[in-house]
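Notes for the one structure printed next.
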Amino acid sequence: MAITEIAYAKINLALHVRKRREDGYHELETLFAFVDAGDVLRASPAARDSLTVVGEFSGFLSDPFDNIVMQALGKLPRPEGLDIMLEKNLPVAAGLGGGSADAGAIFRIVEQAHGLPDNWPARASTLGADVPACVESRTCIGRGTGTELEIVDGSLADKPVLLVNPRIPLATGPVFMAWDGEDRGPLPLGDARHIALEGRNDLQASAISACPQIADVLDAMRGTEPFVARMSGSGATCFALYESNTARDLAAERIASGHPEWWHLKGNLR
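Residue 245 in the UniProt record's numbering sits at position 245 of the sequence shown; the count goes up by one each step and never skips.
Structure representation (structure tokens):
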């Protein structure tokens with residue numbers, strides 16, 4: 001029996017980098033949220049695991065054996081294989097956790113088909129610090145490297161969101177390395193909406209230095225009067241939150257008209 005799962009686009013409504021750790025990772029405090037759209041994965045029982053990639057951004061994933069989907073399948077014991085069709089709708093290296101979201105969807109597919117082992121969070125975290133959050137795909141605070149999760153309130157549930165990317169891939173490592181090292185303090189206390197409003201993205205400046213077009217995207221989005229607009233993750237995708245679907249749709253139309261070369265996605269927070 002076939003199973004279909006959406007790999008929900010991940011955004012960091014706030015991302016506070018506290019310090020660089022001795023192990024080379026960074027101590028983070030972030031507010032994860034997820035959009036009700038993203039890549040689509042379709043799974044069917046098979047004699048062995050296999051992967052086919054289609055969609056607008058499929059060309060960026062040329063080696064299926066090096067794909068995080070296959071790595072995720074390898075982390076989960078099962079009595080049979082899965083044939084996966086991945087429709088790659090999210091840009092790659094975009095600050096949306098696209099690969100991690102795909103891995104999260106695989107964990108949910110295997111959970112439906114066979115159940116997950118009790119230590120699934122540890123297995124997920126070996127694939128990436130944000131993969132456990134992507135398995136849950138709920139608004140939550142991530143601490144440590146992002147794997148220590150705390151589910152938060154639903155004050156932003158169903159809020160309209162617009163994602164915009166200048167179609168320029170931006171690798172995470174160099175953006176983190178260019179961070180200025182200044183600890184600007186923890187996430188603010190309060191509900192998810194307050195954290196989103198009062199938080200910040202400490203990687204935004206270093207990302208803009210590497211990709212100045214991010215500043216252009218933010219300027220365009222802020223001109224559509226969202227209640228918050230910010231870069232997600234290490235970039236280059238930016239998000240804007242609105243009070244109504246109508247406001248979001250008008251913003252998307254305006255940005256698409258002024259910058260047809262940019263990628264954009266409309267959705268609502270889960």
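Where is the CB? At the ideal position from N, CA and C, for every residue including glycine.
Asked                                                                                                                                                                         : Found
Could you round the C-beta distance between residue 165 and residue 52 to whole angstroms and report it? I think they count as a contact, below 8 Å.                          : Rounded, the Cβ-Cβ distance is 24 Å, inconsistent with contact.
Do residue 40 and residue 87 count as a contact pair if the criterion is CB distance below 8 Å?                                                                               : yes
Determine which residues share a DSSP beta bridge with residue 33 and list them.                                                                                              : 11
Please confirm whether residue 121 has its beta-carbon closer than 8 Å to some beta-carbon of chain D.                                                                        : Looking at the structure shown, chain D is missing, and only one protein chain is on hand.
Roughly how many angstroms lie between the CA atoms of residue 14 and residue 67, to the nearest whole one?                                                                   : 28 Å
So, using beta-carbon positions, are residue 137 and residue 270 closer together than 8 Å?                                                                                    : yes
For the putative contact between residue 101 and residue 38, defined by C-beta atoms under 8 Å, what is the C-beta separation to the nearest angstrom?                        : 6 Å
Based on the DSSP secondary-structure assignment, which residues constitute the bridge partners of residue 264?                                                               : 164
Can you look up residue 51 in the DSSP assignment and give me helix, strand or coil?                                                                                          : strand
Evaluate residue 119 with the Cβ neighbour count: other Cβ atoms within 10 Å of its Cβ, from every protein chain shown; 16 or more gives buried, anything less gives exposed. : exposed
Buried or exposed: residue 151, going by 16 or more other Cβ atoms within 10 Å of its Cβ?                                                                                     : exposed
Which ranges would you report for the alpha helix (DSSP H) in the UniProt domain "GHMP kinase C-terminal" (195 to 256) if only whole runs of at least 4 residues count?       : 204 to 210 and 213 to 222
With a threshold of 8 Å, are at least 3 pairs of Cβ atoms found where one atom belongs to the region 87 to 96 and the other to the region 155 to 169?                         : yes
Return the chain-ordered list of same chain residues with a C-beta closer than 6 Å to the C-beta of residue 262, the five sequence neighbours on each side being excluded.    : 164 and 166
Which class does residue 177 belong to by DSSP, given the choice of helix, strand or coil?                                                                                    : helix
What do you get for residue 248, buried or exposed, if any count of 16 or more other CB atoms within 10 angstroms of its CB means buried?                                     : buried
Is residue 114 helix, strand or coil when you go by DSSP?                                                                                                                     : helix
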